[in-house]
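Comments concern the structure below.
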Amino acid sequence: MSIEKILSKLNNEFAIQGRLKFVAGSGDFVLAKVNSEQCQATIAIQGAQLLSWMPKDQQPVIWLSDDAKYIEGKAIRGGIPVCWPWFGAYTGNNDFPSHGFARTSLWNVIGTDKLGSGEVMLRLSLPHKEEHRQYWSHLTELELQIVLGSELRMSLITRNRGNESITLSQALHTYFTVSDISKVQITNLEQIEFIDALDDWQRKVEAAPIKINAEIDRIYQNTRPSCVIKDSGFQRQIKVTTERSASTVVWNPWIDKSSRLGDMGENGYLKMVCVESGNIAEHSVQIGSGEEHSLSVYYQIEPM
Ligand code: TA6
Numbered sequence: 453m454s455i456e457k458i459l460s461k462l463n464n465e466f467a468i469q470g471r472l473k474f475v476a477g478s479g480d481f482v483l484a485k486v487n488s489e490q491c492q493a494t495i496a497i498q499g500a501q502l503l504s505w506m507p508k509d510q511q512p513v514i515w516l517s518d519d520a521k522y523i524e525g526k527a528i529r530g531g532i533p534v535c536w537p538w539f540g541a542y543t544g545n546n547d548f549p550s551h552g553f554a555r556t557s558l559w560n561v562i563g564t565d566k567l568g569s570g571e572v573m574l575r576l577s578l579p580h581k582e583e584h585r586q587y588w589s590h591l592t593e594l595e596l597q598i599v600l601g602s603e604l605r606m607s608l609i610t611r612n613r614g615n616e617s618i619t620l621s622q623a624l625h626t627y628f629t630v631s632d633i634s635k636v637q638i639t640n641l642e643q644i645e646f647i648d649a650l651d652d653w654q655r656k657v658e659a660a661p662i663k664i665n666a667e668i669d670r671i672y673q674n675t676r677p678s679c680v681i682k683d684s685g686f687q688r689q690i691k692v693t694t695e696r697s698a699s700t701v702v703w704n705p706w707i708d709k710s711s712r713l714g715d716m717g718e719n720g721y722l723k724m725v726c727v728e729s730g731n732i733a734e735h736s737v738q739i740g741s742g743e744e745h746s747l748s749v750y751y752q753i754e755p756m
């Protein structure tokens, strides 16, 4: 089906007059564009990946690389990639895609709504597809619910439609925009054990709030329900609150890894930090036959 036909079908069924429409972006990627009195946002249908979110009178909250590539089946650098049904490299097969296949697959829009509060809700689903069987033979449905306003709420819901219990790891791999990484502190992860992916997966604890002046790649485990990204440059803090998430990843590639990645843009690492909420390693989730699991995050912007 042509991009024009796809957009016309989506707009007929799901557009919200004056708030939400579907357009073609770079590489003819289908994008949902939200423009309301509360915020502006962009969501790519590939991966159900939120690419931008800017509440009214705020600096952008979600970071997207200037060098992001829009190639079908390839991950877009930035936004909020959905890592599912595994986080990171797949143990046991290096040919399997890093962070799973959800973020590079085409999702279906299954619902849109203007809520009473003026927020815009989108519901997207990744149905079970034959092409995924090589990676994941289980009968599962994945739904992402996104509620956009002056705050952002996302729920990643896995429904086990198969006859056996499944185990998966997952994360909402959120790239946050910061004024300058040197002006950032991340609090409420102090004294929590983390896996240091840069030091042979050793488990460590740090007493002080996180400051970043080099590559960092930590998986905090058994986390508290919220942490805070304090940005003195923007004079704001971003409160990250989660439900049914036991792992928080803090990542910045810094200089060398950025050049290896090749799509972080000129000095992109100075303007972003990833704080990712999920269920990783020993906190992978087990979902019984006919059961479901919902991982939720909630982002609020507060003055500092
Ligand atoms: O978020 C932490 C991490 O697992 C890092 O190790 C780094 O690989 C990052 O994700 C980005 O992964 P990607 O596959 O998107 O390049």
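If you're matching positions, the sequence shown starts at 453 in our numbering and goes up one per residue.
Where is the CB? At the ideal position from N, CA and C, for every residue including glycine.
- Under the DSSP definition of a beta bridge, Trp703 partners with Asp669, Cys726.
- The criterion of a C-beta distance shorter than 9 Å is satisfied by Thr592 and Gly614.
- Short of 8 Å from the beta carbon of Val657, and not among the five residues preceding or following it, lie these beta carbons of its own chain, in chain order: Gln643, Ile644, Glu645, Phe646.
- The C-alpha of Val572 lies about 7 Å from the C-alpha of Gly601.
- Counting only residues of its own chain and dropping the five nearest sequence neighbours on each side, Ile732 has a CB closer than 6 Å to the CB of Phe539, Ser621, Ile671, Ser699.
- Less than 9 Å separates the beta-carbon of Leu574 from that of Val561.
- Residues of the same chain with a CB within less than 7 Å of the CB of Gln687, apart from the 5 flanking positions on each side, are Pro755, Met756 in chain order.
- With a cutoff of 9 Å on beta-carbon distance, Thr675 and Thr694 are scored as near each other.
- Residue pairing by DSSP places His745 opposite Thr610 in a beta bridge.
- Remark: the C-beta of His580 is outside contact range of ligand 1, defined as less than 8 Å to any heavy atom.
- A check of alpha carbon separations from Leu576 across Glu582, Val534, Ser550, His590 identifies Val534 as the nearest.
- Taking 9 Å as the cut-off, the beta carbon of Pro537 is found no closer than this to the beta carbon of Gly525.
- Under the rule that a run must span 3 or more residues, the beta strand (DSSP E) segments found entirely inside the segment 621-663 read 622-624, 627-629, 636-639, 646-648, 654-656.
- Three or more beta-carbon pairs separated by less than 8 Å are not found between the segment 541-556 and the segment 716-736, which leaves the two stretches without contact.
- Inter-residue distance for Tyr522 and Leu502 is about 14 Å (C-alpha atoms, whole angstroms).
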